[in-house]
Each structure stands twice: as structure tokens, then as C-alpha cells.
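Inspection log for the structure reproduced underneath, given as C-alpha cells.
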Amino acid sequence: MTRNIRKEQAAETREKILEAAKSLFAEKGYHGTPVREITRKIGMGDGILYHYFPGGKREIMAVLLRESFEHRREGIKQIQRVVEGLDLRDAMITIKRRLYELFTEDMDLTRILFRENDLLGFEEAEQLTVLIREQCAIFEKFLRERHEKGEIRALDFRIASRQFLSTTLHAIMSKSVGIQLLNEPDVYKHMEENVDFTIDLWRIPSATEKKPKVLLCDSQ
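Numbered per our numbering, the sequence shown spans residues 156 to 375.
In C-alpha cells:
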């Protein structure tokens, strides 16, 4: 029983250190946050931090990034499963909503990713690019399958995938920096408008639209 309590206490302390560091990294930046400030935030000495994270601040950042990407990668897999049985419009709206929520549910970490990604040089930080590329590939496959079902016309699916997902990334960045970058302040309404506009561009032309226009000339 005592051993289990100690394990729980250790896990709780580790989590407190991670949460304190994440909050400070988001507020002051990685390089602007000394170890002492992290331990002061949780009311403990510097030694306790190195007990749980021998690599210090660098190891903490690596753990935060790694655990974040594991969570988000699993979230993307869940999105794939959810949209399989949905019609095209509902599926596309769900993809946008879920991705947006997946990245904005923890704004501290999202701000760290956008702010520090080019500065840190962590191998884990590069996973943001990898994750985005993976999602583009997944959505490209989704579009090909919907084309085979006759729901959309033939496209450059790779470019279409990147273009569609970039609008979601735009919304995430808007929330991250706290600047209104969207034309529509209601982000979910903006998503629906974007999906409707995109589907209209991708839809298969009707028979009437396919017919060439015949120009009638006045008789001489």
C-alpha cells in the first residue's frame, strides 16, 4: 500500500513539474525560463526537478513535446475512424473541428510549438512538421476514396489536401497569437462556410454544366 502511495505521489510531482514548466515556457519562452523559476512555481527545491528530469529543462521540453505528439497522433487516428461513415460535408466539417480542437485544447503547448519550433533544435520539435505531413497524406487518401465513390471530381489530391488543411492551421494560429485573422469571428461558422465553398469547387459538374455553349450568330 505504501509503495503504491509513493508511486502516486511521484507521478503527481512529475506532472506538477511538467505543468509548471509548460505554463512558463508558453508565457516567457524556453530560453527565458530558468530552472529555479519552475521549481519556485511548485514550491520545491531545484534538486527535485533534477531527480525526475536529470537532463533538466531540456529533458522537460522533450517530454512535453513527445507526450503531446503521441496524444495528437492518437487523436488523428480517432478522427479517421469517426468520419468513415459520414457523408462528405459532415466528414469535412468533422475533420476541421476535431483538428482545431486537438491543437487548441492545450494552448500553452500550441504556443510553445509555434514560438519555439525554429529555435529549440529538438528532434521532438520537428515532429510538428511530420504530424502535419501525415495528416495531409491521410486527407489525400480520404479525397481519393471520396472521388472513387463519385462524391467529388478528379483533382490534384495532394495540393487539394494541403490547401484544405492549411485553412484549419490558419484558424489555430489565429487563436494562438490572439489576433483575429479570420473573416468570420465565429470559428465554427467559418469552418462550415469554408467547407461549403470547397465542396462547391470540388463537386462533379452536372450534365447541363458539361454541355459546351453554342454561340448563335445572326443570319446575314
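Note that CB positions come from ideal geometry on N, CA and C, so glycine has one too.
- Query: Cβ of A166 within 8 Å of Cβ of I193?
  - Reply: Their beta carbons are not under 8 Å apart, which means A166 does not touch I193 by this criterion.
- Item | Extent of the continuous alpha helix (DSSP H) to which S361 belongs | No alpha helix (DSSP H) contains S361, which DSSP labels as neither H nor E.
- Helix, strand or coil for F208 per DSSP? In the structure shown, F208 sits in coil (DSSP, three-state: anything other than H, G, I, E or B).
- Query: So which of H325, F319 and M328 has the shortest CA-CA distance to F352?
  - Reply: For F352, the closest alpha carbon among the candidates H325, F319 and M328 is that of F319.
- Task: Pair every Cβ in the stretch 198-211 with every Cβ in the stretch 243-258, then say whether three or more of these pairs are closer than 8 Å.
- Result: These segments do not touch.
- I think Q290 touches I215, with their Cβ atoms under 8 Å apart; what is that distance to the nearest whole Å? With a beta-carbon spacing of about 27 Å, Q290 and I215 fall beyond the 8 Å limit used to define contacts.
- Run through DSSP, which three-state label would L370 get? Reliability fails at L370, whose pLDDT of 49 lies under 50, so the model's placement of it is uncertain and no value is given.
- Query: Does the Cβ-Cβ distance between L220 and L173 come in under 8 Å?
  - Reply: No, the Cβ-Cβ distance between L220 and L173 is not below 8 Å.
- With contact counted as at least three CB pairs below 8 Å, one residue from each stretch, are the stretch 265-272 and the stretch 292-302 in contact? No: the two stretches stay apart, fewer than three of their Cβ pairs being nearer than 8 Å.
- Could you check how far apart the C-beta atoms of L264 and S223 are, in whole angstroms? I think they sit under 8 Å. Rounded to whole angstroms, the Cβ separation of L264 and S223 is 5 Å, and the two are in contact under 8 Å.
- Query: Start and end of the alpha helix (DSSP H) containing I250?
  - Reply: Unbroken alpha helix (DSSP H) run through I250: L243 to T259.
- Message: With H, G and I counted as helix, E and B as strand and the rest as coil, what does DSSP make of I117?
- Response: No answer is possible for residue 117: it lies beyond the span of the chain, which begins at 156 and ends at 375.
- Message: Between the alpha carbons of F258 and I327, how many angstroms are there, rounded?
- Response: Looking at the two C-alpha atoms, the distance is approximately 7 Å.
- Query: How is I307 classed by DSSP in three states: helix, strand or coil?
  - Reply: Here I307 sits in coil by DSSP.
- Task: Leaving out five residues on either side along the sequence, give the residues of the same chain with a beta carbon under 6 Å from the beta carbon of V342.
- Result: A distance below 6 Å between beta-carbons, with the five flanking residues on each side excluded, links V342 to the following residues of its chain, in chain order: A326.
- Message: Given this structure, state the Cα-to-Cα distance separating G333 from I267, to the nearest angstrom.
- Response: Between G333 and I267, the C-alpha separation is close to 14 Å.
- Message: Taking 8 Å as the threshold (C-beta atoms), are I248 and I234 in contact?
- Response: No, they are not a contact pair.
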